[in-house]
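Okay, so here's the structure we're looking at.
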Amino acid sequence: KIRKEGRKEMHRLSQRLGRRLATPIQAALGGASSVELLGAGRLGPCRGMKIYTRGGDKGKSSLYNGERRSKADAVFCALGDTDELAAALGIASEFCAEDESLLRSQITWIQCRLLDIGSAIATPLTSTEDERKRKLTAFDPAEITRLENWIDEMEQGLPPLTNFVLYSGGRCSTFLHLARTVCRRAERSTTPLVHAGDTPDTVLQYLNRLSDYLFVAARHVAYAEGKPETAYSKGDTFLVAKPRKTL
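Next comes the structure, spelled out in structure tokens:
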């Protein structure tokens, strides 16, 4: 039932975003191919839209406000990191157990929010005069609270953390840990943009909270699947935490 409702919600979301945000998301990912994600209000390629445009063949690409910048610009570095984070989350989701439908739906939601973040990054506030575009790409601070609520819910069912944990706990857990490291990189590359006034501070807050979510989610999956977490040890031997009772 949760999975079915999640699919319905994602369909409604894709329709809404497909109508409103196809263009800023296209700019956020630096090419027409990104429209295939949300074009025409459905998941799938947009009719009549070519995957390649040749617009970036000389090392420049367009932002949502119409600016042409080098692909080595800090904006595109941040966009690349958030894009890689979304891909890493997709891999982690594929390795989630079938009964982790709630976690899968949360990951899908987060991937959509990362596209929203990309749209915000691709619309620098200091050089975007179009108020409509500024409002369209503003990042909702309520999403930060949503992450915090998810973290609190998962932590209620986890044993207390008594030592540093190495990246372990099964495939899904390990990939969530990997996604967390990519998230930290995205946070680092976005920080200068926020400090320069080009990107809303809510974006930075969300990425910071997302790394916390991914750490807790990795522990949650390991615990739920009964997979052991390897604990840090300064000596010659490693302590392996015994798997907890499967939820």
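With my numbering, you'll find the sequence shown wraps up at 366, consecutive numbering, no jumps. All C-beta atoms in this analysis are idealised placements derived from N, C-alpha and C, irrespective of residue type, glycine included.
Check                                                                                                        : Outcome
Neighbourhood of Q225 by C-beta, 7 Å cutoff - its chain only, sequence neighbours within 5 removed           : W269
Beta-carbon proximity check, C291 vs C215, cutoff 8 Å                                                        : yes
A298 vs L323 beta-carbon contact at 8 Å                                                                      : no
Whole-number beta carbon distance between L222 and V340, since they are thought to touch under 8 Å           : 7 Å
Given I263 as reference, the closest of L182, T321, L255 and E306 once Cα atoms are compared                 : T321
Rounded Cβ spacing between R304 and D200 (contact assumed at less than 8 Å)                                  : 5 Å
Beta-bridge partners of K179, as assigned by DSSP                                                            : S189
For G209, the nearest candidate out of G276, L182, V194 and L233 (CA to CA)                                  : L233
Length of the line joining the Cα atoms of L312 and S246                                                     : 12 Å
Beta-carbon gap between T309 and I229 smaller than 8 Å                                                       : no
Under 8 Å between C-beta atoms of S189 and G178                                                              : yes
Where R338 falls, given that 16 or more other Cβ within 10 Å makes a residue buried                          : buried
CB of A211 within 8 Å of CB of F294, strictly                                                                : yes
Residues that DSSP places opposite A241 in a beta bridge                                                     : A241 is not bridged to any residue.
Beta-carbon gap between Y342 and L277 smaller than 8 Å                                                       : yes
Whole-Å CB distance - P243 paired with D192, under 8 Å assumed                                               : The Cβ separation is near 10 Å, so there is no contact.
Exposure label - L182; buried when at least 16 CB within 10 Å                                                : buried
G237 classed as buried or exposed, judged by whether at least 16 other C-beta atoms fall within 10 angstroms : buried
Through-space distance from K353 to P164, alpha-carbon basis                                                 : At P164, the pLDDT of 45 sits below 50, so the modelled position is not reliable and the matter cannot be decided from this model.
Contiguous alpha helix (DSSP H) assignments of at least 4 residues, all confined to the region 205-266       : 220-240 and 250-255
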